[in-house]
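Using the working numbering, count along the sequence shown one by one with no gaps and you end on 68.
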Amino acid sequence: MYVCLCYQVTDRDIYRAVEEEGITSLAQLAEKMSVGRCCGCCAEYAERLIAQANGSRLQKV
Ligand code: FES
């Protein structure tokens, strides 16, 4: 599912960025994929996904 329509970033892309690159904040995600840098509509949801993905990553360790 698309999270950021402006930059065509999906929830899977965000989960992968957390898993493979250790993304922990919206600022880091924006740096990598520009999420939230255009209209900003996606920022809140993207932040929630990052937190959620980091939670599940920590549980796997
Ligand atoms: S939907 Fe992500 S910046 Fe517009």
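Where is the CB? At the ideal position from N, CA and C, for every residue including glycine.
Query raised in the report: Would you say L12 touches the ligand FES, meaning its beta carbon is less than 7 Å from a heavy atom?
Result: As a working mapping, residue 12 is identified with position 5 in the sequence shown. Yes, the Cβ of L12 comes within 7 Å of a heavy atom of the ligand FES.
Query raised in the report: From what residue to what residue does the alpha helix (DSSP H) around Y9 run?
Result: Here residue 9 corresponds to residue number 2 of the sequence shown, with the count starting at 1. Segment 9-11 is the beta strand (DSSP E) holding Y9; no alpha helix (DSSP H) there.
Requested in this report: Enumerate in chain order the residues of its own chain whose CB-to-CB distance from M8 is below 8 Å, with the five nearest sequence positions on each side excluded.
Outcome: The count along the sequence shown starts at 1 and reaches residue 8 at position 1. T17, D18, listed in sequence order.
Query raised in the report: Is it true that the CB of C48 sits closer than 8 Å to the CB of A14?
Result: Residue mapping note: residue 14 aligns to position 7 of the sequence shown, counting from 1. Residue mapping note: residue 48 aligns to position 41 of the sequence shown, counting from 1. The sequence shown places Tyr at residue 14, not Ala. With contacts defined as CB atoms closer than 8 Å, Y14 and C48 fail to qualify as a contacting pair.
Query raised in the report: For A53, is the classification buried or exposed, using 16 other Cβ atoms within 10 angstroms of its Cβ as the cut-off for buried?
Result: Counted from its first residue, the sequence shown places residue 53 at position 46. The residue in question, A53, is buried, as its Cβ has 16 or more Cβ neighbours within 10 Å.
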